[in-house]
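Okay, structure first, notes after.
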Amino acid sequence: MTRRKSYKLREITAKFGGDLIGDPDVRVSQVAAIESAGPADIVFISQARYLSQLPQTKAGAAILAKDAPEAAGIARIVCANPYAYFAKVSTLFNPPASTVAGMHKSAVVDKTARVDKTASIAANAAVGKNVRIGKRAQIGAGCFIGDGSVIGDDTVLHANVTVYHGCRLGMRCIVHSGVVVGADGFGIAREDGKWNKIPQIGGVDIGDDVEIGANTTIDRGTLEDTVIGEGVKLDNQIQIAHNVKVGAHTAIAACVGVAGSATIGRNCALGGAAMIYGHITIADGVSISAGTLVMKSLAQPGTYTGVYPFSTHQRWLKNAAQLRNLDELAERVRQLEARSGKDKGNQQ
Amino acid sequence: MTRRKSYKLREITAKFGGDLIGDPDVRVSQVAAIESAGPADIVFISQARYLSQLPQTKAGAAILAKDAPEAAGIARIVCANPYAYFAKVSTLFNPPASTVAGMHKSAVVDKTARVDKTASIAANAAVGKNVRIGKRAQIGAGCFIGDGSVIGDDTVLHANVTVYHGCRLGMRCIVHSGVVVGADGFGIAREDGKWNKIPQIGGVDIGDDVEIGANTTIDRGTLEDTVIGEGVKLDNQIQIAHNVKVGAHTAIAACVGVAGSATIGRNCALGGAAMIYGHITIADGVSISAGTLVMKSLAQPGTYTGVYPFSTHQRWLKNAAQLRNLDELAERVRQLEARSGKDKGNQQ
Amino acid sequence: MTRRKSYKLREITAKFGGDLIGDPDVRVSQVAAIESAGPADIVFISQARYLSQLPQTKAGAAILAKDAPEAAGIARIVCANPYAYFAKVSTLFNPPASTVAGMHKSAVVDKTARVDKTASIAANAAVGKNVRIGKRAQIGAGCFIGDGSVIGDDTVLHANVTVYHGCRLGMRCIVHSGVVVGADGFGIAREDGKWNKIPQIGGVDIGDDVEIGANTTIDRGTLEDTVIGEGVKLDNQIQIAHNVKVGAHTAIAACVGVAGSATIGRNCALGGAAMIYGHITIADGVSISAGTLVMKSLAQPGTYTGVYPFSTHQRWLKNAAQLRNLDELAERVRQLEARSGKDKGNQQ
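Protein chains in written order, with the working numbering: chain P, 4 to 351; chain E, 4 to 351; chain Z, 4 to 351.
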């Protein structure tokens, strides 16, 4: 292990702003959790309810929100957005691993591929014809990149990523292991009781600064490209079907499925395991709660939810039994109302 | 890029049937979307509501249903099933990529494997003992095929597919990247607070003309084979557990899970993220809506649904709160009915 | 195929206990399903409702529960837990495949890695710096193991598994193909309409005797490790987010998602496609039904469920329409009750 570089708090605020309270010469070299931090660590608290843990920490410094009380004796940086500030400090302390430029001798790279000399291609990777790989890009062990695909500058493919032919990844993307970009969409046409395959001749176009979580799949388009906008963040095991368009800076949590030809706006947030029907359009700024199935287009920003509230199994059995007859129950209420109205009429 | 081959409309109808209206000598060489098509493209419209877009297209020709109005001046092929017709035309224009027969020098193929001389095995693939690989089959880069497995003629495994030992894939299958065929089923028996593993000694038997989407998993059987019938089409990220049987020509959309020992009939359609309980039987011709959990066997064809209808979060909060007490609400209605009956009695 | 070893029933009960009824010298060499078993096979019945199938079997012997009736003429082993007994017998008959120790010449193993000489590393695997691989461990074809990770004794990684840097797997684990251990958690902080990445500097710590199903993903921790306890069994396509802790001997079925920083107790059982919110705590011994979304911490053991009961689509349409207005329906019931009370008052 190499010795970790340390920074004075005054150096950190000089880089990232914020107000420094306490000794500006305190040195920290790593971020840590409040419970396990030591004197060389800096912690952060973004929610007021965790402030009570601060007196117990052994951390050397803390990143706090502007409204945090003065109580803590610890040296601290006060800022508007402690979580975002923490992200920057952690990135300063933990820069992405660099790799040695060049191709491992076990990599199989077609002679027509144009690989920048500052890029690295790891063991047992395979790179097809006319592929272009940008500056400082990293292609992990066992990756496959199909003919004609483009990997932008500074983009990192971790081990065992598959990119089919004719796909484009922008710059500074991070693609985790097991991701499959550009597999055929689920295009089948029924005839005489059998399914005929529809060739998927579009590609996948992924913007800059996109991160794609492990084992996520993004299918190629049927006729035109499937499009992932710049700055989109995709968690693990997400399924993006053919012809989908995801707007810039949208974040999608794990296990989400987006069906074919759906269009999702910019700055949306999809909770884990949400499912989006095909051929619908979701406006910019929409939030979908975890586990919600969205069956219709959404023209207005806001938060949308549709989840069966869980309970003990016994209670669920009783409530679910009534739900199976809810239409009948509503009809019985209508009849009661009618009778009540009549009764009322009778009484007047 | 090689020059694309073009076809006269009269050549297309000679191959695939349909009625030709307009100039039979119009040449087209690719399928395209209505909005972006050019004069060398043919478009299709399968739903009447899209017909209004036709006058704007720059396409050279269109594939339309028999009931499409005469309005359009564009040359066109009229047929019973435009979507299926389009599939054929697109396949004509976009034949599957061929590969060079033979094994890449980086592939590791056991000397006991029988690989047809017309098959291709790409870079860094590994093929086990006594594997059989059929005519014109294509094994993608980084694929692994375990001992004794069989890959049928013309079957294509894209890059990074894993097939465990003792599995069989039929002819003309397409298996996308990240698919795992034949991993152990989830067979565990509890004893003294711990789980004992149950060896999974069955295999996987996949029929002809099956397509399997990216990152889908099909587990081997506990004692006998897990079976996928001919012509079955599986989308991405589907989980097929041990001992499952899927009937011929059933189509399953992405993110579906089928639990152990379930039997799904022929010609079924499972919507995305549907979940099927273990040890149940689903009849031929059943459709399950997206997001539906099926807990019981289904003996009759038809469409089945069970999805919480989504709404704004505020409205969901109110309705879900009532759902948590639905059994109590039903009881209150019963009491109102009883009282109403009594009142009615009193009034008579 | 090598000839399979056979065992007399008396040898089996000598190893595993149980009462032997019938000829103790019957020889069996394999486990089988009741319908397809032959004279050299032993079958098991753990649920009384399947006992009626026993007279038809051609099996040589059966494993039955203590309360099984005497009727069957077949030789049999009677025990408290036939399913667990069957697991042991099947493991006796079907020992895990052994592999030849050593590294395949196509594997790429960093010279600083410490690989036990009894371990095996298959074709095209890649092993990073300072990795430690224990005794008799098996690293499958195409696997990648990142710098500094540790693979315990007797642990098996099937083909195409990815383990990032700085992760630890215990002893006797089984990791199926497509699994990704240690990818970055979904840590992003929003600022000025964009997402900043939060470095994920924790690792993954997996205990002994853990099995991980195909294409399951377990993310590394943000600051500290994601932890999977000993004896945990994970099925396929499960997503374990960063900072999650799963207690010992918990079993999780396929397609489950566990969101970030959730803590799941010991001896829990999560049904397929269950989803667990982030930052909640689930007590020891909790069972979650398939398809249930758990939004709150659970302090008590028991079974919890939240699933929309499915029905025919037509019936669903009617009931779901009422569910969308359930709060209003409840209000109407309240008004009826109020009026009924008033009417009652009027009548008194």
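Where is the CB? At the ideal position from N, CA and C, for every residue including glycine.
A quick note: this is a predicted structure, and the numbers were derived from the prediction, not measured.
query                                                                                                                                                               : result
What residues from chain P crowd round P312/E, counting only those whose CB sits closer than 7 Å?                                                                   : G309
Contact defined as beta carbons within less than 8 Å: I believe A40/P pairs with T60/P. What is the distance between those atoms, to the nearest angstrom?          : 5 Å
To the nearest angstrom, report how far apart P58/Z and G185/Z are at their CA atoms.                                                                               : 51 Å
Identify the continuous alpha helix (DSSP H) that holds F89/Z and give its terminal residues.                                                                       : 85-96
Going by DSSP, name the residue or residues bridged to R278/E.                                                                                                      : What sits at residue 278/E in the sequence shown is Met, not Arg. Note: M278/E sits in a beta bridge opposite G260/E, L296/E.
Check whether the Cβ of N163/Z lies closer than 7 Å to any Cβ atom in chain E.                                                                                      : yes
Quick check: V134/E and A110/E, are their CB atoms within less than 7 Å of each other?                                                                              : no
Out of A333/E, R318/E, R327/E, which one is the CA nearest neighbour of R327/Z?                                                                                     : R318/E
Does any CB atom of chain E fall closer than 7 Å to the CB of P133/Z?                                                                                               : First, the residue type needs correcting, since residue 133/Z is Asn and not Pro in the sequence shown. Not one chain E Cβ lies under 7 Å of N133/Z.
Where does S123/P sit, in a helix, a strand or coil, going by DSSP?                                                                                                 : strand
On the three-state DSSP scale, how would you describe G305/E?                                                                                                       : strand
How would you call G206/E, buried or exposed, if buried means at least 16 neighbouring beta carbons within 10 angstroms?                                            : buried
In angstroms, rounded to a whole number, what distance separates the CA positions of V92/P and G232/P?                                                              : 27 Å
For A293/P, I'd like the list of residues in its chain whose CB is within less than 8 Å of its CB, leaving aside the five on either flank, ordered along the chain. : A256, G274, G275, A276, A277, V310
Considering F189/Z, what are the terminal residues of the alpha helix (DSSP H) in which it resides?                                                                 : Note, F189/Z: premise wrong, no alpha helix (DSSP H); not H, not E.
Along the chain, where does the alpha helix (DSSP H) containing T16/P start, and where does it finish?                                                              : 12-19
Who are the Cβ neighbours of V164/P in its own chain at under 6 Å, not counting the five residues just before and after it?                                         : C146, V178, V182
Along chain Z, in chain order, which residues have C-beta atoms closer than 7 Å to that of D238/P?                                                                  : F189
With a threshold of 16 other CB atoms inside 10 Å of the CB of P85/E, please say whether the residue is buried or exposed.                                          : buried
Short of 8 Å in beta carbon distance, which residues of its chain neighbour D26/Z, apart from the five on each side in sequence? Order them along the chain.        : L12, A78
Would you mind reading off the limits of the beta strand (DSSP E) that contains K200/E?                                                                             : 197-200
Using a cut-off of 9 Å between C-beta atoms, extract the partners of R1/Z located in chain E.                                                                       : Given that chain Z is displayed from residue 4 to residue 351, the structure contains no residue 1/Z and the question cannot be resolved.
Which whole-angstrom value describes the C-beta separation of G210/P and V235/P, a residue pair presumed to lie in contact below a C-beta threshold of 8 Å?         : 7 Å
Identify every residue that forms a DSSP beta bridge with L320/Z.                                                                                                   : Answer is none; L320/Z lacks a bridge partner.
Taking the alpha-carbon positions, what's the N199/P to T306/P distance?                                                                                            : 39 Å
Taking the continuous beta strand (DSSP E) assigned at S109/P, which residues delimit it?                                                                           : Taken as a continuous stretch (DSSP letters only), S109/P belongs to no beta strand (DSSP E), as it is neither H nor E.
Could you have a look at Q240/P and say whether DSSP puts it in helix, strand or coil?                                                                              : coil
Quick one: complete beta strand (DSSP E) runs, 3+ long, within the region 36-62 of chain E?                                                                         : 44-47
Compare the C-beta of C258/P against all C-beta atoms of chain Z and say whether one is closer than 7 Å.                                                            : yes
Leaving out five residues before and five after A302/P in sequence, what residues of the same chain have Cβ atoms less than 6 Å from its Cβ?                        : A286
Just grab the DSSP bridge partners of R193/Z for me.                                                                                                                : W198/Z
For L329/P, which of helix, strand or coil comes out of DSSP?                                                                                                       : helix
Cα separation between I243/P and D238/Z?                                                                                                                            : 23 Å
By DSSP, does V336/P sit in helix, in strand, or in coil?                                                                                                           : helix
Pick helix, strand or coil for S343/E, following the three-state DSSP scheme.                                                                                       : helix
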